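Trainee: Numbering (our numbering), first residue to last: 6 to 71.
Quick one: the structure is below, and I'll ask about it shortly.
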């Protein structure tokens, strides 16, 4: 039986939501090992001059605890 833990990570990108999610996982993996999955909880963006400017995600990261 595996024990799993979930943390929330906020990340942003000027490229898109997918890039923001990738950044969240990359940042989390610096201090958390055995990441199993991610769940995109929320997506948002800021608007500048009538265009999407900064993409933001709230990601739930699930990892196994040894």
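All residues carry an ideal CB built from backbone N, CA and C; glycine is no exception.
Here the structure is a predicted model, which is why all the values come from computation and not from measurement.
1) Hey, quick one: how far does the beta strand (DSSP E) through residue 65 stretch, first residue to last?
2) Pull the bridge partners of residue 50 from the DSSP assignment, please.
3) With DSSP as the reference, identify every bridge partner of residue 37, one or two as the case may be.
4) For residue 5, I'd like the list of residues in its chain whose CB is within less than 6 Å of its CB, leaving aside the five on either flank, ordered along the chain.
5) Just the C-alpha distance for residue 60 and residue 71, rounded to the nearest angstrom, thanks.
Mentor: Taking the geometry as given:
1) The sequence position of residue 65 within the chain shown is 60, counting from 1. Unbroken beta strand (DSSP E) run through residue 65: 56-70.
2) Counted from its first residue, the chain shown places residue 50 at position 45. DSSP, once it has assigned bridges, lists 60 as partnering residue 50.
3) Your numbering for residue 37 matches position 32 in the chain shown. Its beta-bridge partners do not exist; DSSP assigns none.
4) Nothing can be reported for residue 5, as the shown portion of the chain is limited to 6 through 71.
5) As a working mapping, residue 60 is identified with position 55 in the chain shown. As a working mapping, residue 71 is identified with position 66 in the chain shown. The alpha-carbon separation between residue 60 and residue 71 amounts to approximately 34 Å.
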